[in-house]
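The structure appears right after this line, and notes come after that.
2 protein chains.
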Amino acid sequence: MARNCRFAVAVHIASLLATMEGQPCTSEWIAGSVNTNPVVVRRLLSALAKAGLVHSTRGSTGGSSLARPADRISLLDIHRAVDEEEEPALHNQPPNPACPVGRNIQSVLLRVIERADAARDAVLSTTKLSEVVGALKVEG
Amino acid sequence: MARNCRFAVAVHIASLLATMEGQPCTSEWIAGSVNTNPVVVRRLLSALAKAGLVHSTRGSTGGSSLARPADRISLLDIHRAVDEEEEPALHNQPPNPACPVGRNIQSVLLRVIERADAARDAVLSTTKLSEVVGALKVEG
DNA sequence: GTAACGGTAACAGATACCATTACAGCAAGG
DNA sequence: CCTTGCTGTAATGGTATCTGTTACCGTTAC
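Heads up: the sequence lines are chains L and R, in that order. Numbers in my numbering are just positions in the first sequence, counted from 1, shifted up by 258. Numbers in my numbering are just positions in the second sequence, counted from 1, shifted up by 258.
This is how it looks when you write it as structure tokens:
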């Protein structure tokens, strides 16, 4: 996985919304559970809203809640929403096209990395937010 | 995958060594194909050597070559050699332990991420360096 | 002994990420 | 109407990481 904490915090946020069952949560309250700044939470909520996973309302009684049931939100949905799908990291400088290896290594690597990422995504897509919430409750 | 280019360059390097069939290559020659600085190549070769994948000799006629056949080196071997297995990126600050979600989210997330990483690693481990070299030749 | 190599430390520049402050826009309730 | 409390977002600073580069040491062949 990436080495930023956006995915982890976004799943945390989504789990909080799921346990509140429709009742809107403020970014400040969420930030208290995540232990970070409310703006960080709002940035992630904004990304989740753009992906259609949550719904936010402004104003005095505003807040955020899930846009659909937790069993219809996968962790892949969340990952794609907040970790804007970067291209796989290849060479910084383009390799030497005069070398048979340098000329083709990137396209070959791309195919392999895409297969590997697809395998990882398959696990994330079959894991639903509702499972995470269920596991949280078992944990106690 | 990670967003550094160590893995891509390391596979590039290993592919070069594989196509040279035992003949030692210098870091400067490799750097010419990768299009980077020889020290960058030496750093990666050093990591590959520590993992037992390549063998380097110093001195006037020195250079590096594969330590075992390319069909017995997987891309997972290379990935683990150069991208020192980081722990999955969770929260920066520990979540609020007074919240039922914050108290357990990390252990639940760890299990999921480990399953996802294992799926990705399975693809990398079944992809051998020899396959990459073969694909390079087909590519032309 | 000299030339050519790998190993490694040290440093600079670029980039990414997170936390924080600040402020504009919007909705509910008096 | 207008105050209050929320979201959305821009701007900024600090920190960490990565890459490229220079420099120097140790080693090996000739």
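Note that beta-carbon positions come from the ideal geometry of N, C-alpha and C, so glycine has one too.
- [ ] Check the Cβ-Cβ distances between Gln351 (chain L) and every residue of chain R, and say whether any is below 7 Å.
- [x] Mapped onto the first sequence, residue 351 (chain L) falls at position 93. So, interface residue.
TODO: From the DSSP output, in three-state form, read off Arg277 (chain L) for me.
DONE: Counting from 1 along the first sequence, the entry for residue 277 (chain L) is found at position 19. Residue identity check: residue 277 (chain L) is Thr in the sequence provided, not Arg. The answer is helix: DSSP assigns Thr277 (chain L) an H, G or I state.
Open item on the list: Can you pull the chain R neighbours of Val359 (chain L), defined as C-beta to C-beta under 8 Å?
Closed with: Within the first sequence, the letter at position 101 stands for residue 359 (chain L). Neighbours of Val359 (chain L) on chain R, chain order: His270, Ser273, Leu274, Thr277, Ser291, Leu394.
Open item on the list: Which residue marks the beginning of the alpha helix (DSSP H) containing Thr384 (chain R), and which one marks its end?
Closed with: As a position in the second sequence, residue 384 (chain R) is number 126, starting the count at 1. 358-384 is the extent of the alpha helix (DSSP H) around Thr384 (chain R).
Task: Residue environment, Ala356 (chain R), which counts as buried when at least 16 other CB atoms sit within 10 Å - done: Stepping through the second sequence from its first residue, residue 356 (chain R) is reached at position 98. Result: exposed.
- [ ] Give a yes or no on contact between the stretch 267-279 of chain L and the stretch 372-388 of chain R, applying the rule of three or more CB pairs nearer than 8 Å.
- [x] no
Open item on the list: Run through chain L and tell me which residues come within less than 7 Å of Ser365 (chain R), C-beta to C-beta.
Closed with: Against the second sequence, residue 365 (chain R) aligns to sequence position 107. Chain L residues near Ser365 (chain R): Glu397.
Task: Reference Ile363 (chain R), options L:Ser322, L:Asn262, L:Val292, L:Glu342, closest by Cα - done: Position 105 of the second sequence, counted from the start, is the residue given in the question as residue 363 (chain R). Of L:Ser322, L:Asn262, L:Val292, L:Glu342, the residue nearest in Cα terms is L:Val292.
Open item on the list: Please report the distance separating the alpha-carbon of Asn394 (chain L) from that of Val366 (chain R).
Closed with: Position 136 of the first sequence, counted from the start, is the residue given in the question as residue 394 (chain L). Position 108 of the second sequence, counted from the start, is the residue given in the question as residue 366 (chain R). It is worth fixing the name first, because residue 394 (chain L) is Leu in this sequence and not Asn. Their backbone Cα atoms lie some 7 Å apart in a straight line.
- [ ] Report yes or no: do three or more beta-carbon pairs, one from the stretch 326-338 of chain R and one from the stretch 280-288 of chain R, lie closer than 8 Å?
- [x] no
Task: Ser273 (chain L) and Val359 (chain R) closer than 7 Å at C-beta - done: Residue numbering aside, residue 273 (chain L) sits at position 15 when the first sequence is read from its first letter. Residue numbering aside, residue 359 (chain R) sits at position 101 when the second sequence is read from its first letter. Going by C-beta atoms, Ser273 (chain L) is nearer than 7 Å to Val359 (chain R).
Open item on the list: Taking CB distances under 7 Å as the criterion, tell me whether Cys263 (chain L) reaches chain R.
Closed with: Along the first sequence, read from residue 1 onward, the residue named residue 263 (chain L) stands at position 5. True, the Cβ-Cβ gap to chain R drops below 7 Å.
TODO: Just the C-alpha distance for Val390 (chain R) and Leu324 (chain R), rounded to the nearest angstrom, thanks.
DONE: Here residue 390 (chain R) is taken as the residue at index 132 of the second sequence, counted from 1. Here residue 324 (chain R) is taken as the residue at index 66 of the second sequence, counted from 1. Cα to Cα, Val390 (chain R) sits roughly 15 Å from Leu324 (chain R).
Task: CB contact flag (Ala347 (chain R), Arg261 (chain L), <7 Å) - done: Within the second sequence, numbered from 1, the residue matching residue 347 (chain R) stands at position 89. Within the first sequence, numbered from 1, the residue matching residue 261 (chain L) stands at position 3. Contact: yes.
TODO: Determine, using beta carbons only, whether Arg330 (chain L) comes closer than 7 Å to chain R.
DONE: Reading the first sequence from its first residue, position 72 is the one you call residue 330 (chain L). Answer no: the Cβ-Cβ gap between Arg330 (chain L) and chain R never drops below 7 Å.
Open item on the list: I need the straight-line Cα distance from Ser318 (chain R) to Pro282 (chain R), nearest angstrom please.
Closed with: Along the second sequence, read from residue 1 onward, the residue named residue 318 (chain R) stands at position 60. Along the second sequence, read from residue 1 onward, the residue named residue 282 (chain R) stands at position 24. So the alpha carbons of these two residues sit roughly 12 Å apart.
- [ ] Would you mind listing the alpha helix (DSSP H) stretches within the stretch 279-322 of chain R that are 4+ residues and don't spill past its ends, in chain order?
- [x] 285-292, 296-308
Open item on the list: By the DSSP assignment, the alpha helix (DSSP H) with Ser388 (chain L) in it spans what residues?
Closed with: For the purposes of this step, residue 388 (chain L) is identified with residue 130 of the first sequence, where counting begins at 1. Segment 387-397, the alpha helix (DSSP H) holding Ser388 (chain L).
- [ ] Assuming Val370 (chain R) contacts Leu333 (chain L) (C-beta within less than 8 Å), just tell me the rounded distance between them.
- [x] Here residue 370 (chain R) corresponds to residue number 112 of the second sequence, with the count starting at 1. Here residue 333 (chain L) corresponds to residue number 75 of the first sequence, with the count starting at 1. Yes, Val370 (chain R) and Leu333 (chain L) are in contact; Cβ-Cβ is about 6 Å, under 8 Å.
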